[in-house]
Amino acid sequence: MKTICKKIPLKDVATFLNGYAFKPSDWSKEGLPIIRIQNLTGTNKEFNYYNGNYNEKYIIENGDILISWSASLGIFLWKNITGILNQHIFKVIFDKDIETDKLYFLHCMKYLIKKIEKNIHGSTMKHITRPEFEKINFPIYDIDIQRKIAKKLIFISEIIDNNKRILVKLMDLSKSLFTTMFGDILNNSLNWRQVKLEDLCSSIVRGPFGSSLKKEFFVKNGYKVYEQKNAINQSADLGEYYINEEKFKELKRFECKTGDIIMSCSGTVGKLFQLPEGSKKGVINQALCKFSLNNKTVSIYFLKCLEKIMENLKLNGSGIKNISSVSYLRKIDISLPPIELQNKFAERIKKIEKLKFTIWKIISKVYKTPKKKGVESN
84 MKTICKKIPL KDVATFLNGY AFKPSDWSKE GLPIIRIQNL TGTNKEFNYY
134 NGNYNEKYII ENGDILISWS ASLGIFLWKN ITGILNQHIF KVIFDKDIET
184 DKLYFLHCMK YLIKKIEKNI HGSTMKHITR PEFEKINFPI YDIDIQRKIA
234 KKLIFISEII DNNKRILVKL MDLSKSLFTT MFGDILNNSL NWRQVKLEDL
284 CSSIVRGPFG SSLKKEFFVK NGYKVYEQKN AINQSADLGE YYINEEKFKE
334 LKRFECKTGD IIMSCSGTVG KLFQLPEGSK KGVINQALCK FSLNNKTVSI
384 YFLKCLEKIM ENLKLNGSGI KNISSVSYLR KIDISLPPIE LQNKFAERIK
434 KIEKLKFTIW KIISKVYKTP KKKGVESN
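Residues in the sequence shown are numbered from 84 upward in steps of one, following the numbering used here.
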């Protein structure tokens, strides 16, 4: 028997009640907790409270489904004490004639929200209007089918969440491993030999003046022009600017290739990225600095060490303005443990990265399962 699926607008599935627009002057030290977006996302677990008169419709109970639709887009199952809803969050009220399983709605909306995020207002502040939201088509099945799908989606979500927790632990392990093996590198707590940054590099180069890479020089294919977003987003594939061989030879000094480390030097400064195996040969633009290493250090040690130095400079604020200065960078003090210890660190990090890659493959494969089974497409 063929499974029948109807697609209907969200406005016909449920009512989406926006929270109350509380002002800071409404806040109190006692009363009902005000449920804000940061309480849903976990960025701030502390509550503000309200101790005045209110409409019962804004009350949130344990088990209610909430959807944040401004600044942060997401769907949440409230598992906490009774509270009162702040603006920019929808309370989902299943009061329509359509019979809808709550958990089916919750998990199906997670996949729909992924699609919504691809076509949304605001590059950094994610926002969708109520009319746009309520027009989105939602797949409705017979209630028994909904429950079966919900069961599968819950199982898939648990696998994904468990693997994400493993990834977080692996990232923490990488950080702690560095400190375990090399101590507090900023204060040189293990008294390693100190050298200047330039002693570990065959070249440290800031990108060419903007006039050297005008848009008129760009071609469809050729040598890649690496940009700030490559460092910030940790990807060698981003970007679509290329130069021809003649221009590449002219800018040979700014060449970068597999193994080189690039750093953002404008706006979001101090973000580091090592060009991986298979990266296209090219040049850096004016917003980047490039480090080509010699044989006195191991790249992963140098990278992690420089990351800590940059974080410290940004934290203190005093040296942040100098990060873009090559002459300043050259003279930064850096600890140099024995190369054997650096190699041992590199081997351990390689094993951790291999495990992380395996976990990501599992997450990716499991995440595609609903699509293969027809859940997402329906």
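We treat Cβ as the ideally placed atom computed from N, Cα and C, and that holds for glycine.
Query raised in the report: Run through DSSP, which three-state label would T207 get?
Result: Below a pLDDT of 50, predicted positions are generally treated as unreliable, and T207, at 49, falls in that range; no measurement from the model is reported.
Query raised in the report: I242 to K90, Cα distance in whole Å?
Result: 28 Å
Report task. Per DSSP, which residues does T98 bridge with? Please list them. Result -> I176
Requested in this report: Report the three-state DSSP secondary structure of Q229 (helix, strand or coil).
Outcome: helix
Report task. Since I believe V288 is in contact with K379 (beta carbons under 8 Å), could you give me their beta-carbon distance rounded to a whole number of angstroms? Result -> Not confirmed; about 18 Å, so no contact.
Requested in this report: Quick one: give me the first and last residue of the alpha helix (DSSP H) that S382 is part of.
Outcome: S382 to N399
Requested in this report: State the Cα-Cα distance for the pair G157 and K112, rounded to the nearest angstrom.
Outcome: 28 Å
**Report entry** Rounded distance between the beta-carbons of L321 and K330, thought under 8 Å
**Finding:** Not quite, the Cβ-Cβ distance comes to about 20 Å (not below 8 Å), so this is no contact.
Query raised in the report: Looking at C-alpha atoms only, which residue of T165, F356 and K234 is the closest neighbour of H190?
Result: K234
Report task. Out of I445, K128, K364 and Y132, state which residue places its alpha-carbon closest to the alpha-carbon of K106. Result -> Y132
Query - Buried versus exposed call for V352 [16 or more other C-beta atoms within 10 Å across all chains shown] - result: buried
Query raised in the report: Mind checking V96: buried by the 16 CB within 10 Å criterion, or exposed?
Result: buried
**Report entry** Selection from K433, K174 and I120 that minimises the alpha carbon distance to I143
**Finding:** K174
Query raised in the report: Residue range of the beta strand (DSSP E) that V409 falls in?
Result: Note, V409: premise wrong, no beta strand (DSSP E); alpha helix (DSSP H) at V409 to R413.
**Report entry** Delimiting residues of the alpha helix (DSSP H) encompassing F300
**Finding:** No alpha helix (DSSP H) contains F300, which DSSP labels as neither H nor E.
Query raised in the report: Roughly how far, in whole angstroms, is the beta-carbon of V302 from the beta-carbon of E338, given that I think they are within contact range, below 8 Å?
Result: Their Cβ separation, rounded to whole angstroms, is 17 Å, which puts V302 and E338 out of contact at 8 Å.
Report task. May I have the straight-line CA-CA distance separating T207 from S153, to the nearest angstrom? Result -> At T207, the pLDDT of 49 sits below 50, so the modelled position is not reliable and the matter cannot be decided from this model.
Report task. Compute the Euclidean distance between the alpha carbons of K94 and M192, then round it to the nearest angstrom. Result -> 14 Å
Requested in this report: Quick one: using the 10 Å Cβ neighbour count with 16 as the cut-off for buried, is V308 buried or exposed?
Outcome: buried
Query raised in the report: Taking Cβ to Cβ, would you say F98 is nearer than 7 Å to I176?
Result: Residue identity check: residue 98 is Thr in the sequence provided, not Phe. Cβ distance < 7 Å, so T98 and I176 count as in contact.
Requested in this report: For the beta strand (DSSP E) containing K216, list its first residue and its last residue.
Outcome: What sits at residue 216 in the sequence shown is Phe, not Lys. Element bounds for F216: not the beta strand (DSSP E) but the alpha helix (DSSP H), R213 to K218.
Report task. Check the Cβ-Cβ distances between L100 and every residue of chain B, and say whether any is below 7 Å. Result -> Absent from the structure is chain B; it holds one protein chain and no more.
Query raised in the report: Can the beta-carbon of Y187 be found closer than 7 Å to that of I232?
Result: yes
Query raised in the report: Does the separation of the CB atoms of N368 and L256 fall below 7 Å?
Result: no
Query raised in the report: Among all the DSSP beta bridges, which residues are the ones paired with K363?
Result: Partner(s): none; K363 has no beta bridge.
Query raised in the report: Unbroken alpha helix (DSSP H) runs of length 4 or more, entirely within the segment 127 to 174: which are they?
Result: none
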